[in-house]
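Colleague:
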Amino acid sequence: SLYPIFKIQLGIDGLNKKHALISAGIHGDEPAGVETICSFLENQVYLPFLEEWKLVFLPCLNPYGYDNNNRLNRKGKDLNRLFKTFFPPLEVQAAQNVLSDPFDLNLELHEDCDNRGFYLYIKATKESFLGLGKKILTDVENVMPINKDLKIDDQISDGGMLHRLMDLDSMEWWPMAGYASIQKVPC
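Note that our numbering has the sequence shown beginning at 38, numbered continuously upward.
Here it is, written out as structure tokens:
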């Protein structure tokens with residue numbers, strides 16, 4: 038049976054100055070992001086942001102994988118590797134459809150239980166986004182350790198922030214962040 042993909046939008050078009058997409062659960066065996074979004078919504082933590090932001094949530098992009106604690110979807114596909122294919126799975130199409138709207142920010146929540154602390158990939162190079170990345174790291178450090186290794190996953194880290202700028206045209210596959218970049222959504 039098919040699982041639904043939910044999109045939750047808080048804020049009003051035209052009223053909110055900035056638009057953010059926050060997604061999780063593209064890898065079903067990474068439940069922390071899904072649980073974080075659910076807690077964020079249930080506890081109404083979003084309320085102070087609504088004056089400035091329209092928030093769009095895709096809380097669980099791989100509900101089959103989440104339900105079965107599996108990285109892959111029901112057809113055995115890693116959804117975060119299929120954003121460049123011509124006929125992607127329905128879950129990817131749902132995310133692509135949402136990303137056709139203009140966003141000022143794309144946050145994708147993943148989980149890495151094999152790592153020694155929180156870290157953040159950032160693709161944008163504008164100082165404002167780098168500042169946002171540093172603010173996120175500072176705020177997260179109040180509740181959990183930050184991985185401050187000089188290298189994380191074979192990439193140079195700046196105090197837990199990794200800059201993953203790739204030539205998307207040369208990649209065989211795109212993750213959701215790559216597709217978002219093509220759509221001109223900072224992440």
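All residues carry an ideal CB built from backbone N, CA and C; glycine is no exception.
Is the beta carbon of residue 98 less than 8 angstroms from the beta carbon of residue 116?
Modeller: Contact: yes.
Colleague: Quick check: is the beta carbon of residue 62 nearer than 8 angstroms to any beta carbon in chain B?
Modeller: As a matter of chain content, chain B is missing from the structure shown, which is built from one protein chain.
Colleague: Using beta-carbon positions only, say whether residue 57 and residue 92 come within less than 8 angstroms of one another.
Modeller: Yes. Within cutoff.
Colleague: Could you compute how far the alpha carbon of residue 125 sits from the alpha carbon of residue 111?
Modeller: For residue 125 and residue 111, the distance between alpha carbons rounds to 13 angstroms.
Colleague: Determine, using beta carbons only, whether residue 61 and residue 51 come nearer to each other than 8 angstroms.
Modeller: No, the Cβ-Cβ distance between residue 61 and residue 51 is not below 8 angstroms.
Colleague: Pull the bridge partners of residue 169 from the DSSP assignment, please.
Modeller: None, per the DSSP bridge assignment.
Colleague: Quick one: what's got a C-beta closer than 8 angstroms to residue 219's C-beta in the same chain, skipping five residues either side?
Modeller: For residue 219, where only same-chain residues beyond five positions count, the Cβ hits under 8 angstroms are 205, 211.
Colleague: Take the Cβ of residue 164 as the centre, count every other Cβ of all protein chains shown within 10 Å, and call the residue buried at 16 or more, exposed below.
Modeller: So residue 164 ends up on the exposed side.
Colleague: Can you name the start and end residues of the alpha helix (DSSP H) that residue 40 belongs to?
Modeller: Here residue 40 belongs to no alpha helix (DSSP H), and DSSP marks it neither H nor E.
Colleague: Here's the rule: buried if 16 or more other CB atoms are within 10 angstroms of the residue's CB, otherwise exposed. What is residue 160?
Modeller: Classification of residue 160: buried, given that the 10 Å Cβ count is 16 or more.
Colleague: Might you give, ordered along the chain, the residues of its own chain that have their beta carbon closer than 8 angstroms to the beta carbon of residue 187, omitting 5 neighbours on each side?
Modeller: The residues are 193, 194.
Colleague: Which same chain residues end up closer than 7 angstroms to residue 135 when comparing Cβ atoms and leaving out the 5 residues on each side of it in sequence?
Modeller: Here the set comprises 44, 58, 93, 95.
Colleague: Assuming residue 81 is part of the alpha helix (DSSP H), what are its boundary residues?
Modeller: Premise fails: residue 81 is in no alpha helix (DSSP H) and is neither H nor E.
Colleague: Closest to residue 67 by C-alpha separation, out of 108, 184, 118, 215, would be which residue?
Modeller: Nearest C-alpha to residue 67: 108.
Colleague: Can you tell me the Cα-Cα spacing of residue 129 and residue 147, whole angstroms?
Modeller: Each residue's alpha carbon lies about 16 angstroms from the other.
Colleague: For residue 80 and residue 207, I'd like the C-alpha separation in whole angstroms.
Modeller: C-alpha separation (whole angstroms): 42 angstroms.
Colleague: Identify the continuous alpha helix (DSSP H) that holds residue 60 and give its terminal residues.
Modeller: Premise fails: residue 60 lies in the beta strand (DSSP E), 55-61, not in any alpha helix (DSSP H).
Colleague: So, at 8 angstroms on beta carbons, what are the nonlocal neighbours of residue 170 in its own chain, with the 5 sequence-adjacent residues on each side left out?
Modeller: Counting only Cβ-Cβ distances below 8 angstroms, and skipping sequence neighbours, we find 157, 159, 198.
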